[in-house]
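Protein sequence lines, in the order shown, are assigned to chains A and B.
Here our numbering is used: the first residue of the first sequence is 1, the next is one more, and so on.
Here our numbering is used: the first residue of the second sequence is 153, the next is one more, and so on.
Remarks on the structure that follows.
Number of protein chains: 2
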Amino acid sequence: MDEQTLTAALARAESLCAERGVRLTAQRRRVLELVCRAERPVGAYEILDQVRDGGKAAPPTVYRALDWLLAQGLVHKLETLHAYIGCTHPEHPHASQFLICSGCGCVAELEDAAIAGSLQSAAEETGFQPSRPVVEVLGTCSDCSDKRRNDR
Amino acid sequence: MDEQTLTAALARAESLCAERGVRLTAQRRRVLELVCRAERPVGAYEILDQVRDGGKAAPPTVYRALDWLLAQGLVHKLETLHAYIGCTHPEHPHASQFLICSGCGCVAELEDAAIAGSLQSAAEETGFQPSRPVVEVLGTCSDCSDKRRNDR
DNA sequence: TCAAAGACGTAACTGTATAACGATCGCATT
DNA sequence: AATGCGATCGTTATACAGTTACGTCTTTGA
Ligand SMILES: [Zn+2]
Ligand SMILES: [Zn+2]
Ligand SMILES: [Zn+2]
Ligand SMILES: [Zn+2]
């Protein structure tokens, strides 16, 4: 995320939290910034290392901030990578899907109605009530596919 | 999994491995049995504890067996739970989806063509080539929903 | 029979996440 | 200003998950 987008994202987070009457504290803001600044998903301990520069910190500091940011929908957790990524549209809560490239590590966040619908239908058939759908597709992005093709 | 189903599943695994010309060794068979015998997904260290009874074992023992069983499609890993579960139809390789109940911990394995299709379509739109789709829906199973309803 | 590959034992280690407890901060009420 | 209370934070320790590295033994096929 470039500097300009980052500034905008943080400003948006500020105003969202103000609207909701919740406190985006310095710690939380810092962790959010670190997550968003990264081009790729970042692990909790990577964040911890950066938070440690210029201040003491321990795992719970980071995990508490991440848990709160997750609850606010400002970041997402990628279960398959044990890593975190900034949400691209935190205004409204949503069940998103992720395309994760094993080649370059890039991640695309989708909000695909067809996927959500098919999951909902499958769940309904068995009387299952979904609360948190986790959809993470590992594979190869188009850039990485192209590179491979050129290499041959 | 009841005793009868378990015996059948192990026999099926035996014959599958024979067909494939791979070796279902005693260790692997034991881990498979422990995973299948459990009614719920089991963690690697739970398995380790059980393997330790009557024999020495360390983490690599269990992880090697699990990796092999995963490669053979005899068990699945649930990324959101860091736990393992026996496959309900290991005859053919497949991309399955899981409905995981947060109430009782039960898991249903689906093989839903509509879900797989919508994932494939969404990926194709962006030129992404899926290799391993992970679909795990957390929620409440019908039994647990019923219980809650009755409690009110 | 004799290498080569596969499977296993063992020790140490890295990485991910949580429990528990006390101190502190922000804010409303007295 | 002082009090009280819930939310937040610091700190230590620990639980849980997974890997690296290396040596030994077993199976298998030439
Ligand atoms: Zn999002
Ligand atoms: Zn890529
Ligand atoms: Zn399966
Ligand atoms: Zn249930």
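Every residue, glycine too, gets a C-beta built ideally from N, C-alpha and C.
Nothing here was measured: the structure is a model prediction, and the numbers come from that model.
Could you spell out the range, first to last residue, of the beta strand (DSSP E) harbouring residue i?
i, result
"A/E136", "Q129 to T140"
"B/C253", "Q249 to C253"
"B/E261", "V259 to L262"
Where do the ends of the alpha helix (DSSP H) carrying residue i lie?
i, result
"B/I265", "The identity of residue 265 of chain B in the sequence shown is Ala, whereas the question assumes Ile. A265 to E277 is the extent of the alpha helix (DSSP H) around B/A265."
Assign residue i to buried or exposed, taking buried as 16 or more other Cβ atoms, counted over all protein chains shown, within 10 Å of its Cβ.
i, result
"A/V107", "buried"
"B/V214", "buried"
"B/G207", "exposed"
"A/K77", "buried"
"B/Q224", "buried"
"B/P193", "buried"
"A/A168", "Residue 168 of chain A lies beyond the residue range present for chain A, which begins at 1 and ends at 152; the question has no answer from this structure."
"A/S118", "buried"
"B/T157", "exposed"
"A/V137", "buried"
"B/A265", "exposed"
"A/A8", "exposed"
"B/V174", "exposed"
"B/P212", "exposed"
"A/L103", "According to the sequence as given, residue 103 of chain A is Gly; it is not Leu. Exposed, because fewer than 16 other Cβ atoms sit within 10 Å of the Cβ of A/G103."
"B/P285", "buried"
"B/T292", "buried"
"B/R172", "exposed"
"A/R64", "exposed"
Go through the residues and name those whose CB comes closer than 6 angstroms to any heavy atom of ligand 3, in chain order. In chain order, the qualifying residues are B/H228, B/C239, B/T240, B/H241, B/H246, B/S248 and B/E261.
Start-end ranges of the beta strand (DSSP E) lying completely within the stretch 21-85 of chain A, minimum 3 residues: Qualifying beta strand (DSSP E) stretches, in chain order: 75-78.
So if I threshold CB-CB distances at 8 angstroms, which residues from the stretch 260-278 of chain B count as touching chain A? Listed in sequence order: A260, L262, D264, A266, I267, G269, S270, L271, S273, A274, A275 and T278.
Residues of the stretch 281-298 of chain B with Cβ closer than 8 angstroms to any Cβ of chain A, in chain order: For the stretch 281-298 of chain B, which is checked against every Cβ of chain A, the residues closer than 8 angstroms are Q281, P282, S283, R284, P285, V286, V287, E288, V289, L290, G291, T292, C293, S294 and S297.
Taking a Cβ distance cut-off of 8 angstroms, strictly less, list which residues of the stretch 233-263 of chain B are near chain A, in chain order. The stretch 233-263 of chain B vs chain A, Cβ under 8 angstroms: Q249, L251, C253, S254, A260 and L262.
The stretch 31-51 of chain A: which residues have C-beta closer than 8 angstroms to a C-beta of chain B, in chain order? Those would be none; no residue qualifies.
Taking beta-carbon pairs under 8 angstroms, can you tell me which members of the stretch 62-83 of chain A lie near chain B? Interface annotation for the stretch 62-83 of chain A against chain B: E79 and T80, criterion Cβ-Cβ distance under 8 angstroms.
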